[in-house]
Ligand code: PAF
């Protein structure tokens, strides 16, 4: 695996592939890699001549400085995992490379209804920062295909919207959530949980799976009360939001629509975790 720390180095490494129009696959990450990330790399390996993974903890998408500071950065372990997964190029830029001249301004774009709910409300400025860095990374890598996990379903929806709106010739490939044996969705933040918090965290996916089982049999208000009750009983974890949303617009659904998604965010101690499940009528 080759490592590029600057856009110039990345261009040099990718020039031979670009010259022969060989497809470049791209997996953007913030590091602290887990099997979910590796599944994106493996998926990218199946259809591209070269696979680039970026590791960049993007300061502009954190609305909480403490969250940015404590974000895990196990770079040597990440490099080993990427080598093993067959990643060809690791793009590992500095903050100065991605935000030259200390200019941390973010893109002002409109995502319709997509950023007005859930993470968009709970983490002001998060999606502006996210799309700013994703756009910068896309411009640096110039991939044909880019891979995003469905755990960040709202992020994925916004990236797809942005690509279509601006006619950017990149195929966005959604990849399924990868879960631990007990059901917890894999996340870089899981490693910040203490053993007690890690045990409790299983409640998140368990609750969502129960909602999926009950979908279509109970009014949405009852499902909401059920979820709130589960976290009240736990007493330690704090529910930030639970929404049942239209899979396209992300607006709350009020009836048992054909296709919906249940999305949740909780604080497990200081650690913020999100998850979702698709609900089919
Ligand atoms: O999902 C993430 O890890 C980040 O939001 C991304 C897409 C790498 C942008 O910083």
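Residue numbers (our numbering): 1 to 281. Beta carbons: idealized from backbone N, C-alpha and C, even for Gly.
Below 9 Å between beta carbons: does that hold for residue i and residue j?
{"i": "residue 52", "j": "residue 78", "result": "no"}
{"i": "residue 231", "j": "residue 239", "result": "yes"}
{"i": "residue 204", "j": "residue 266", "result": "yes"}
{"i": "residue 60", "j": "residue 250", "result": "no"}
{"i": "residue 272", "j": "residue 67", "result": "yes"}
{"i": "residue 85", "j": "residue 38", "result": "yes"}
{"i": "residue 237", "j": "residue 201", "result": "yes"}
{"i": "residue 145", "j": "residue 44", "result": "yes"}
Let me check understanding here. Comparing Cα to Cα, which of the options lies closest to residue i?
{"i": "residue 301", "options": "91, 278, 43 and 83", "result": "In the structure displayed, the chain extends from 1 to 281; residue 301 sits before or after that span and is not available."}
{"i": "residue 22", "options": "11, 48, 28 and 41", "result": "48"}
{"i": "residue 19", "options": "73, 50 and 95", "result": "50"}
{"i": "residue 253", "options": "141, 220 and 278", "result": "220"}
{"i": "residue 210", "options": "198, 244, 226 and 159", "result": "226"}
{"i": "residue 206", "options": "17, 181 and 157", "result": "181"}
{"i": "residue 25", "options": "40, 161, 6 and 63", "result": "40"}
{"i": "residue 264", "options": "213, 246 and 208", "result": "208"}
Which two residues bound the contiguous beta strand (DSSP E) that contains residue i?
{"i": "residue 29", "result": "24-29"}
{"i": "residue 238", "result": "238-246"}
{"i": "residue 222", "result": "It is not in any beta strand (DSSP E) - residue 222 instead sits in the alpha helix (DSSP H) that spans 220-234."}
Mapping the DSSP letters down to three states, classify residue i as helix, strand or coil.
{"i": "residue 111", "result": "coil"}
{"i": "residue 183", "result": "coil"}
{"i": "residue 303", "result": "The chain is shown only over 1 to 281; residue 303 falls outside these bounds and no answer can be derived."}
{"i": "residue 54", "result": "strand"}
{"i": "residue 19", "result": "helix"}
{"i": "residue 169", "result": "coil"}
(request) Please determine if the stretch 172-188 and the stretch 145-152 are in contact, where contact requires at least 3 C-beta pairs separated by less than 8 Å. (result) Short answer: they touch.
(message) Across the stretch 183-197 and the stretch 18-34, are there enough close Cβ pairs to call them in contact, namely three or more that are closer than 8 Å?
(response) At 8 Å Cβ cutoff, the stretches touch.
(request) Flag this pair as touching only if the stretch 124-132 and the stretch 100-109 have three or more C-beta atom pairs under 8 Å; answer yes or no. (result) yes
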